[in-house]
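These notes are about the structure you will find just below.
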Amino acid sequence: MQKRLRCMRIAQVAPLYESVPPKYYGGTERVVSYLTEELHRQGHEVTLFASGDSVTSARLVAACRRSLRLDKHCVDQVAYYVLMLERVFQCAGEFDVIHFHVDYLHFPLSRRQTLAHVTTLHGRLDIPDLEPLYQEFREMPVVSISDAQREPLPWVNWQATVYHGLPEDLYRFRPEPGAYFAFLGRISPEKRVDRAIEIAKQVGIPLKIAAKVDRVDNDYFQSVVAPLLRDPLVEYVGEIGDGEKDEFLGNAYAFLFPIDWPEPFGLVMIEAMACGTPIIAYRRGSVAEVMEEGATGFIVTTLESAVEAARRIPELSRKRCREVFEQRFTSRRMAADYLRVYERLADSNSPHPREA
Numbered sequence: 047m048q049k050r051l052r053c054m055r056i057a058q059v060a061p062l063y064e065s066v067p068p069k070y071y072g073g074t075e076r077v078v079s080y081l082t083e084e085l086h087r088q089g090h091e092v093t094l095f096a097s098g099d100s101v102t103s104a105r106l107v108a109a110c111r112r113s114l115r116l117d118k119h120c121v122d123q124v125a126y127y128v129l130m131l132e133r134v135f136q137c138a139g140e141f142d143v144i145h146f147h148v149d150y151l152h153f154p155l156s157r158r159q160t161l162a163h164v165t166t167l168h169g170r171l172d173i174p175d176l177e178p179l180y181q182e183f184r185e186m187p188v189v190s191i192s193d194a195q196r197e198p199l200p201w202v203n204w205q206a207t208v209y210h211g212l213p214e215d216l217y218r219f220r221p222e223p224g225a226y227f228a229f230l231g232r233i234s235p236e237k238r239v240d241r242a243i244e245i246a247k248q249v250g251i252p253l254k255i256a257a258k259v260d261r262v263d264n265d266y267f268q269s270v271v272a273p274l275l276r277d278p279l280v281e282y283v284g285e286i287g288d289g290e291k292d293e294f295l296g297n298a299y300a301f302l303f304p305i306d307w308p309e310p311f312g313l314v315m316i317e318a319m320a321c322g323t324p325i326i327a328y329r330r331g332s333v334a335e336v337m338e339e340g341a342t343g344f345i346v347t348t349l350e351s352a353v354e355a356a357r358r359i360p361e362l363s364r365k366r367c368r369e370v371f372e373q374r375f376t377s378r379r380m381a382a383d384y385l386r387v388y389e390r391l392a393d394s395n396s397p398h399p400r401e402a
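In the working numbering, the protein residues as written are 47 to 402.
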């Protein structure tokens, strides 16, 4: 058996669109933050490459002054990514492993280096444009965030599936249910907030919507969603920050996740579990991996089954929701999973070993 590395020098390379952690919406940056802080807490030497307004206990190397989404003076975002990657590879020899969270941007550079590296793919992979790219760079070691995410590209160099995790004390368990449904995240066609509104109307329980609207989805919001917000059962809260999510999710009767796309993970599902709030989710993407049917919520396929599930919420144990979170979705478990990948890559004679 190989001797485990007691302390590793690890680089985390984050997206620049949001800070780490993000001020508001930003699942990838949030996960990078949880992983970075947990690895640092365990005594590893961690360097975070991110925007200058990021907050971390690790060493921060900033590629831009502030997160690009909030920088109104930024015209060319790609310029900062090129700058960041140049800085990463200038000091690549300082690290035992480099962990990328910027999709495939670094692949041409990584191919030409003899260094241990891995990339977590955080997004959907069912886009036809991606197949020729991953065919070309099929030796690149990558990690999936669910097994379902792999389905469009099962032949790439998968190292592991590592589910996201949260700090155990980030959200407070609330044993008593609230009096409203919660919808949290982003308003877009694939998130189907219209389904959430219809579920609430048919069950007769208020719905609170805490979600941002990206510029690309503004027409959809104005034409499809805005008219639905006039219903007296519906309250549109807008985008909320980390400090507000604990109370918003924890005081809900149930969390609605009526997606209509191949969700790679769905961080908000485990945030709800951490609060003890059960979930009603449509069976798409990773939902069946993350949720436990009849324990942390109900998995549905139609509006009728969603309405029936909403009426069965009292059958579920909020305590059990929290227990599943603690067993499966903590940042401590996430860091342990990634450390196994790091050590295998760092110790291997081959720079790009395949998954065992």
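Note that CB positions come from ideal geometry on N, CA and C, so glycine has one too.
Because the structure is a prediction, the values reported are computed rather than measured.
| said: Can you look up ARG158 in the DSSP assignment and give me helix, strand or coil? | reply: Taking the sequence shown and counting its residues from 1, one reaches residue 158 at position 112. Here ARG158 sits in coil by DSSP.
| query | DSSP three-state call for HIS145: helix, strand or coil? | reply | By one-based count along the sequence shown, residue 145 stands at place 99. Residue state, collapsed to three classes: strand.
| said: Closest to ALA138 by C-alpha separation, out of ARG55, TYR226 and ARG276, would be which residue? | reply: Along the sequence shown, one-based indexing puts residue 138 at 92. If we check each option's Cα against that of ALA138, ARG55 comes out closest.
| Test item: CB-CB of ARG364 and PRO221 under 8 angstroms | Translated into the one-based positions of the sequence shown, residue 364 becomes position 318. Translated into the one-based positions of the sequence shown, residue 221 becomes position 175. In terms of Cβ geometry, ARG364 and PRO221 form a close pair [threshold 8 angstroms].
| message | Within 8 angstroms, do at least three Cβ pairs link the region 122-132 to the region 70-80? | response | Short answer: they don't touch.
| Beta-carbon proximity check, ARG357 vs VAL208, cutoff 8 angstroms | Here residue 357 corresponds to residue number 311 of the sequence shown, with the count starting at 1. Here residue 208 corresponds to residue number 162 of the sequence shown, with the count starting at 1. It is not a contact, given that the beta carbons lie outside the stated cut-off.
| query | What do you reckon, are the CB atoms on VAL283 and LYS254 nearer than 8 angstroms? | reply | Residue 283 sits at position 237 when you count from the first residue of the sequence shown. Residue 254 sits at position 208 when you count from the first residue of the sequence shown. Inclusion of VAL283 and LYS254 in the CB contact set at 8 angstroms is warranted, their separation being smaller than that value.
| For the region 228-241 against the region 95-103, are there 3 or more C-beta pairs whose distance is under 8 angstroms? | Touching, no, given that fewer than three Cβ pairs across the two stretches are closer than 8 angstroms.
| Can you check whether the CB of GLY169 is closer than 8 angstroms to the CB of PHE375? | Along the sequence shown, one-based indexing puts residue 375 at 329. Along the sequence shown, one-based indexing puts residue 169 at 123. No, they are not a contact pair.
| query | Between VAL134, VAL143 and ASP172, which lies nearest to PRO310 when the distance is taken from Cα to Cα? | reply | The residue labelled residue 310 in the question sits at position 264 within the sequence shown. It is ASP172.
| message | Taking its Cβ as the centre, do 16 or more other Cβ atoms sit within 10 Å of LYS118, making it buried, or is it exposed? | response | Stepping through the sequence shown from its first residue, residue 118 is reached at position 72. Exposed, because fewer than 16 other Cβ atoms sit within 10 Å of the Cβ of LYS118.
| Rounded C-alpha distance that separates ARG329 from GLN88 | Within the sequence shown, the letter at position 283 stands for residue 329. Within the sequence shown, the letter at position 42 stands for residue 88. Take the alpha-carbon of ARG329 and the one of GLN88: they are about 36 angstroms apart.
| Three-way DSSP call (helix, strand, coil) for ASP383 in this model | By 1-based counting over the sequence shown, the position of residue 383 is 337. Here ASP383 sits in helix by DSSP.
| What does ARG55 pair with, by DSSP beta-bridge criteria? | Residue 55 sits at position 9 when you count from the first residue of the sequence shown. Residue pairing from DSSP places ARG55 in a beta bridge opposite GLU91.
| query | How is GLU372 classed by DSSP in three states: helix, strand or coil? | reply | Within the sequence shown, the letter at position 326 stands for residue 372. If DSSP states are grouped into helix, strand and coil, GLU372 belongs with the helices.
| message | Tell me whether the region 198-208 and the region 378-386 touch, counting them as touching only if at least three CB pairs, one residue from each stretch, are closer than 8 angstroms. | response | Three or more Cβ pairs closer than 8 angstroms define a contact, and the region 198-208 meets that threshold against the region 378-386.
| message | Please report the straight-line C-alpha distance between ILE316 and LEU176, rounded to a whole angstrom. | response | Within the sequence shown, numbered from 1, the residue matching residue 316 stands at position 270. Within the sequence shown, numbered from 1, the residue matching residue 176 stands at position 130. For ILE316 and LEU176, the distance between alpha carbons rounds to 28 angstroms.
| query | Below 8 angstroms between beta carbons: does that hold for VAL270 and ILE243? | reply | The residue labelled residue 270 in the question sits at position 224 within the sequence shown. The residue labelled residue 243 in the question sits at position 197 within the sequence shown. At a Cβ-Cβ threshold of 8 angstroms, VAL270 and ILE243 do not count as neighbours.
| request: State the Cα-Cα distance for the pair LYS49 and VAL387, rounded to the nearest angstrom. | output: Position 3 of the sequence shown holds residue 49. Position 341 of the sequence shown holds residue 387. Since pLDDT at LYS49 reaches only 46, below the 50 mark, its modelled position is unreliable, and the value read off the structure follows with that caveat. Near 14 angstroms, if we compare the C-alpha coordinates of VAL387 and LYS49.
| Apart from the five residues on each side of it in sequence, which residues of its chain come closer than 6 angstroms, Cβ to Cβ, to TYR217? | Translated into positions along the sequence shown, residue 217 becomes position 171. ASP292, ALA320 and CYS321, listed in sequence order.
| field | Coil, strand or helix - GLY73 by DSSP | value | Mapped onto the sequence shown, residue 73 falls at position 27. Under the three-state reduction of DSSP, GLY73 is assigned to helix.
| Leaving out the 5 sequence neighbours to the left and right, which residues in its chain are closer than 6 angstroms to PHE267 when beta-carbon positions are compared? | The count along the sequence shown starts at 1 and reaches residue 267 at position 221. These residues qualify, in order along the chain: ILE233 and VAL259.
| Closest residue to ILE286 among SER65, VAL59, LYS69 and TYR63 (Cα-Cα distance) | Taking the first residue of the sequence shown as 1, we reach residue 286 at position 240. For ILE286, the closest of SER65, VAL59, LYS69 and TYR63 by C-alpha to C-alpha distance is LYS69.
| request: Taking VAL202 and PHE146 to be in contact with their CB atoms under 8 angstroms, please state how far apart those CB atoms are, rounded to whole angstroms. | output: Here residue 202 refers to the residue found at position 156 of the sequence shown. Here residue 146 refers to the residue found at position 100 of the sequence shown. Not quite, the Cβ-Cβ distance comes to about 14 angstroms (not below 8 angstroms), so this is no contact.
| request: Please classify GLU339: is it buried, with 16 or more other beta-carbons within 10 angstroms of its beta-carbon, or exposed? | output: As a first step, residue 339 is located in the sequence shown; it is residue number 293 there, counting from the start. With fewer than 16 other CB atoms across the displayed protein chains lying within 10 angstroms of its CB, GLU339 is exposed.
| request: Assign ILE243 to one of three DSSP states: helix, strand, or coil. | output: As a first step, residue 243 must be located in the sequence shown, where it is residue number 197. Looking at ILE243 - three-state DSSP - the assignment turns out to be helix.
| Rounded to a whole number of angstroms, what is the C-alpha to C-alpha distance between PRO360 and ASP263? | Walking along the sequence shown from the start, residue 360 turns up at place 314. Walking along the sequence shown from the start, residue 263 turns up at place 217. Rounded to whole angstroms, PRO360 and ASP263 show a C-alpha spacing of 35 angstroms.
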